[in-house]
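In order, the protein sequence lines correspond to chains A and B. Numbered per the UniProt record's numbering, the first sequence spans residues 1 to 272. Numbered per the UniProt record's numbering, the second sequence spans residues 1 to 272. Think of the CB as a built atom: it goes at the ideal place given N, C-alpha and C, for glycine as much as any other residue. Model, not experiment: these values are computed from the prediction. Worksheet: the structure to be examined is printed underneath.
Number of protein chains: 2
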Amino acid sequence: MEKFHRNERLAVLMKTLCDSPGETFTLGSFAEMFGSAKSTISEDMDIVQNLLQKFDLGSVESIAGSTGGIRFVPGCKKEKVKSVLNSLCQDLSNSQRILPGGYLYMLDIIYDPKRIFEIGSIFAGYFFKREIDCVITVETKGIPLAFATAKQLGVPLMIARHNSEATDGPSVNINYVSGSSKKIQTMVLPMRALKGHSRLLFIDDFMKGGGTAKGIIDMAKEFECEVVGIGVFIETLEPAKKLVDDYVSLITLNIVNTEEKLIDVKPSKEWL
Amino acid sequence: MEKFHRNERLAVLMKTLCDSPGETFTLGSFAEMFGSAKSTISEDMDIVQNLLQKFDLGSVESIAGSTGGIRFVPGCKKEKVKSVLNSLCQDLSNSQRILPGGYLYMLDIIYDPKRIFEIGSIFAGYFFKREIDCVITVETKGIPLAFATAKQLGVPLMIARHNSEATDGPSVNINYVSGSSKKIQTMVLPMRALKGHSRLLFIDDFMKGGGTAKGIIDMAKEFECEVVGIGVFIETLEPAKKLVDDYVSLITLNIVNTEEKLIDVKPSKEWL
């Protein structure tokens, strides 16, 4: 069998672990992959752990027992989060983003894979310890972010839609009330989408009144599942009282002044 | 300045390059990052290149000239593509996927980040040389795949929707005719979404008649952009004549026999 040098092993170990966050690998499987002793791989892991720390890229965790092994845990330090959020706020403050009615154009950000992966990795680090089984979102604009978060948690994504389709199979419909405009909307989730007793993380790009998040909590109950975390990219400062309490936002949007062309947007206080 | 060992440099180089496909890094920027000579980094790169080849993970390309440097190019060998597609076909052939009306349930696959990244990396490898500026899709089910492909091409994603929203700003509407059911549908793209003269890659989860792909081609013209590639995860065998010619599918679905509970699904002939 071909032998690999330590530097080769490290590069491949780093890539393999980081590409599959949350997945448990046994030392034995790596030992076989590289034709090395387990003790050698174990030393490699110490180096990987150090490197991840040095570059603030996450960490490696050992899991004891018969199902044990090593897994990559996403996450970074608060300083790095702050610097990502500050750079996003600067970009979002550009007055050319102001649309009629005081809306902000931000599709270029929420559809940009590179930035969305950074944001998703913040959520993945924040929610990892809650043992998420599935990330859930509602179509359309939050999908890239929810998907990037799911990828970095190593769990599946599920998307609630506004209309059902033949390819969904039997599905559950619920009505929910938007927290800000009080409009009634429908969301649909295929019956096959969720296993009972799953721990769900709801991720969305934007929260105003919190109606969609509340809808997801109600929908989860129909599937005997529990929403154990809510993360939104941007929340509005008003209304201060949302329909849900336990959520995390990254950025808070205060006001878009269309006359003076001013946008007041800041990292949410959680991160300051 | 802190010095790094070769094994540390290799692990970080591998991760940095693979995380940002298509992005050009100068030797100088890495030399600075690690406090090493450029000639050392250049040797590191040869090792990275070898490793990528050995594990069939893509390749590293040098770009000459004043804007030159090194970039990671996604892609893998045909054998690996075949093995991914065979495993997908096996999973898709499970008779429990059959829904009333002869539809196939496949949300668990097209929303699974790990599998979708594998599929996206096949598309990224296939289309990389066409110098894509932007990946485009139509909501909803193709979004994760289009996003994963965009991530691995290192380009932005844009999503055409069925209705416009206030947060889109001014937008272009077009009507298009579904290739199979002949129904007229609408798609909307914000005016700010695309720069003129962009080279677009259309990615979708499913193609029957090709009407959506044709709609995207028409939409692109309104933005003075060009669709230079079309990739779909699954196409149906019938109708054999689609509304577009130049497209690539990964898997071909022949028939779903609801009575005998048989599904005929194969890698598309391109990959055999």
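**Item:** Under the three-state DSSP convention, the category residue 298 of chain B falls into
**Value:** Chain B is shown only over 1 to 272; residue 298 of chain B falls outside these bounds and no answer can be derived.
**Request:** Report the partner residues of ALA160 of chain B according to the DSSP bridge assignment.
**Result:** Working through the second sequence from its first residue, we reach residue 160 of chain B at position 160. Answer is B:VAL138, bridged to ALA160 of chain B.
**Request:** Assess, as a yes-or-no matter, whether the region 50–70 of chain B is touched by the region 101–110 of chain B under the definition of 3 or more beta carbon pairs within less than 8 Å.
**Result:** no
**Prompt:** Between GLY35 of chain B and chain A, is there a C-beta pair that is closer than 8 Å?
**Reply:** As a position in the second sequence, residue 35 of chain B is number 35, starting the count at 1. So, not an interface residue.
**Prompt:** How would you write the range of the alpha helix (DSSP H) that ILE119 of chain A sits in, first residue to last?
**Reply:** Residue 119 of chain A sits at position 119 when you count from the first residue of the first sequence. That run of the alpha helix (DSSP H) goes 113–127.
**Prompt:** If you draw a straight line from the C-alpha of SER249 of chain B to the C-alpha of PHE127 of chain B, how long is it?
**Reply:** Walking along the second sequence from the start, residue 249 of chain B turns up at place 249. Walking along the second sequence from the start, residue 127 of chain B turns up at place 127. Taking the straight line from one Cα to the other gives about 12 Å.
**Request:** Would you check if there are 3 or more beta carbon pairs closer than 8 Å linking the region 218–229 of chain A to the region 179–199 of chain A?
**Result:** yes
**Request:** Examine chain A for any beta-carbon lying closer than 8 Å to the beta-carbon of PHE123 of chain B, and answer yes or no.
**Result:** Against the second sequence, residue 123 of chain B aligns to sequence position 123. Judged by the 8 Å Cβ criterion, PHE123 of chain B is not in contact with chain A.
**Request:** Given a cut-off of 8 Å, decide if ASP204 of chain B and ASP252 of chain B are closer than it, judged by their beta-carbon atoms.
**Result:** By 1-based counting over the second sequence, the position of residue 252 of chain B is 252. By 1-based counting over the second sequence, the position of residue 204 of chain B is 204. According to the sequence shown, residue 252 of chain B is Thr rather than Asp. Result no, Cβ atoms of THR252 of chain B and ASP204 of chain B do not sit closer than 8 Å.
**Prompt:** Between which two residues does the alpha helix (DSSP H) containing PRO170 of chain B stretch?
**Reply:** On the second sequence, residue 170 of chain B is found 170 positions in, with the first residue counted as 1. Per DSSP, PRO170 of chain B belongs to no alpha helix (DSSP H) and is neither H nor E.
**Closer than 7 Å at the beta carbon, the chain B residues around ARG6 of chain A** = By one-based count along the first sequence, residue 6 of chain A stands at place 6. The contacting residues are ASN7.
**Request:** Could you check how far apart the C-beta atoms of VAL73 of chain B and SER59 of chain B are, in whole angstroms? I think they sit under 8 Å.
**Result:** Looking up residue 73 of chain B in the second sequence gives position 73. Looking up residue 59 of chain B in the second sequence gives position 59. Indeed, because the Cβ distance is near 5 Å, the residues count as touching under 8 Å.
**Prompt:** Relative to the alpha-carbon of MET33 of chain B, which residue among B:LYS3, B:PRO156, B:SER62, B:LEU51 has its alpha-carbon at the smallest distance?
**Reply:** The count along the second sequence starts at 1 and reaches residue 33 of chain B at position 33. The shortest Cα separation from MET33 of chain B among B:LYS3, B:PRO156, B:SER62, B:LEU51 belongs to B:LYS3.
**Whether TRP271 of chain B touches LYS78 of chain B by CB criterion (8 Å)** = To locate residue 271 of chain B, count along the second sequence from 1; it is residue 271. To locate residue 78 of chain B, count along the second sequence from 1; it is residue 78. Yes. Within cutoff.
**Asked** On the premise that ILE47 of chain B lies in contact with LEU27 of chain B, defined as a C-beta separation below 8 Å, what is that separation, rounded to the nearest angstrom?
**Response** As a working mapping, residue 27 of chain B is identified with position 27 in the second sequence. As a working mapping, residue 47 of chain B is identified with position 47 in the second sequence. The pair is not a contact, with the Cβ atoms about 14 Å apart (cut-off 8 Å).
**Request:** Within its chain, find whatever has a CB closer than 6 Å to the CB of PRO190 of chain A; leave out the 5 residues flanking it on each side and keep chain order.
**Result:** Taking the first residue of the first sequence as position 1, residue 190 of chain A is located at position 190. Only ASP168, GLY169, SER171 meet the Cβ criterion.
**Asked** Looking at the structure shown, is PRO144 of chain A part of a helix, part of a strand, or coil, going by DSSP?
**Response** Along the first sequence, read from residue 1 onward, the residue named residue 144 of chain A stands at position 144. Three-state result, PRO144 of chain A: helix.
**Prompt:** Does the distance from the CB of LEU157 of chain B to the CB of VAL135 of chain B come in under 8 Å?
**Reply:** Mapped onto the second sequence, residue 157 of chain B falls at position 157. Mapped onto the second sequence, residue 135 of chain B falls at position 135. Cβ distance < 8 Å, so LEU157 of chain B and VAL135 of chain B count as in contact.
**Contact set between the region 104–130 of chain A and chain B, restricted to residues whose Cβ is under 9 Å from the partner** = LEU104, TYR105, MET106, LEU107, ASP108, TYR111, ASP112, PRO113, LYS114, ILE116, PHE117
**Request:** List the endpoints of the continuous beta strand (DSSP E) containing ASP218 of chain B.
**Result:** Translated into the one-based positions of the second sequence, residue 218 of chain B becomes position 218. Premise fails: ASP218 of chain B lies in the alpha helix (DSSP H), 211–222, not in any beta strand (DSSP E).
**Helix, strand or coil at GLY28 of chain B [DSSP, three-state]** = Residue 28 of chain B sits at position 28 when you count from the first residue of the second sequence. It is helical.
**Prompt:** Secondary structure at MET207 of chain A, three-state DSSP: helix, strand or coil?
**Reply:** Here residue 207 of chain A refers to the residue found at position 207 when the first sequence is read from its first residue. It is a strand residue.
**Asked** If you run the structure through DSSP and keep just helix, strand and coil, what is LYS266 of chain A?
**Response** For the purposes of this step, residue 266 of chain A is taken as the residue at position 266 of the first sequence. Three-state DSSP puts LYS266 of chain A in a strand.
**Item:** For ALA11 of chain A and ALA11 of chain B, believed in contact at Cβ under 8 Å, the rounded distance
**Value:** As a working mapping, residue 11 of chain B is identified with position 11 in the second sequence. As a working mapping, residue 11 of chain A is identified with position 11 in the first sequence. So it is a contact: roughly 5 Å between Cβ atoms.
**Message:** List, in chain order, every chain D residue whose beta-carbon is nearer than 7 Å to that of CYS18 of chain A.
**Reply:** Absence of chain D from the displayed structure is noted, the protein chains being A and B.
**Request:** Determine which residues share a DSSP beta bridge with PHE72 of chain A and list them.
**Result:** Looking up residue 72 of chain A in the first sequence gives position 72. Its beta-bridge partners are A:VAL60.
**Message:** Quick check on the DSSP output: the beta strand (DSSP E) that includes ASN257 of chain A runs from which residue to which?
**Reply:** Taking the first residue of the first sequence as 1, we reach residue 257 of chain A at position 257. Where ASN257 of chain A is concerned, the enclosing beta strand (DSSP E) stretches over 248–257.
**Asked** In whole angstroms, what separates the C-alpha of SER62 of chain A from that of ALA64 of chain B?
**Response** What you label residue 62 of chain A is simply residue 62 of the first sequence in a count that begins at 1. What you label residue 64 of chain B is simply residue 64 of the second sequence in a count that begins at 1. Roughly 44 Å separates the two Cα atoms.
**Message:** In the DSSP output, what is THR236 of chain B paired with across the bridge?
**Reply:** Walking along the second sequence from the start, residue 236 of chain B turns up at place 236. DSSP lists B:LEU253 as partners of THR236 of chain B.
**Asked** CB-CB under 7 Å to GLY215 of chain B, same chain, minus the five flanking residues each way: which ones, in chain order?
**Response** Working through the second sequence from its first residue, we reach residue 215 of chain B at position 215. Taken in chain order, the residues that qualify are ILE174, TYR176, MET187.
**Message:** One question on the structure: do CYS89 of chain A and GLY125 of chain A come within less than 8 Å of each other, judged by their Cβ atoms?
**Reply:** If you number the first sequence from 1, residue 89 of chain A lands on position 89. If you number the first sequence from 1, residue 125 of chain A lands on position 125. Cβ atoms of CYS89 of chain A and GLY125 of chain A: not closer than 8 Å.
**Request:** May I have the straight-line CA-CA distance separating ALA146 of chain A from TYR111 of chain B, to the nearest angstrom?
**Result:** For the purposes of this step, residue 146 of chain A is identified with residue 146 of the first sequence, where counting begins at 1. For the purposes of this step, residue 111 of chain B is identified with residue 111 of the second sequence, where counting begins at 1. Taking the straight line joining both Cα atoms gives about 11 Å.
**Message:** Spatial neighbours of GLU238 of chain A within its chain, please: C-beta separation below 6 Å, excluding the five flanking residues on both sides.
**Reply:** As a first step, residue 238 of chain A is located in the first sequence; it is residue number 238 there, counting from the start. If we look at GLU238 of chain A and ignore the five residues flanking it on each side, it has no Cβ neighbours.
**Prompt:** For PHE4 of chain B, which three-state DSSP category applies?
**Reply:** Counted from its first residue, the second sequence places residue 4 of chain B at position 4. Reduced to three states, the DSSP call for PHE4 of chain B is coil.
**Item:** Element boundaries [alpha helix (DSSP H), containing residue 274 of chain B]
**Value:** In the structure as shown, chain B starts at 1 and stops at 272, and residue 274 of chain B therefore has no counterpart that could be examined.
**Request:** Check the Cβ of LYS183 of chain B against every Cβ in chain A and list those closer than 9 Å, keeping chain order.
**Result:** In the second sequence, residue 183 of chain B corresponds to position 183, counting from 1. Under the 9 Å cutoff, chain A gives no residues; its nearest Cβ is about 13 Å from LYS183 of chain B.
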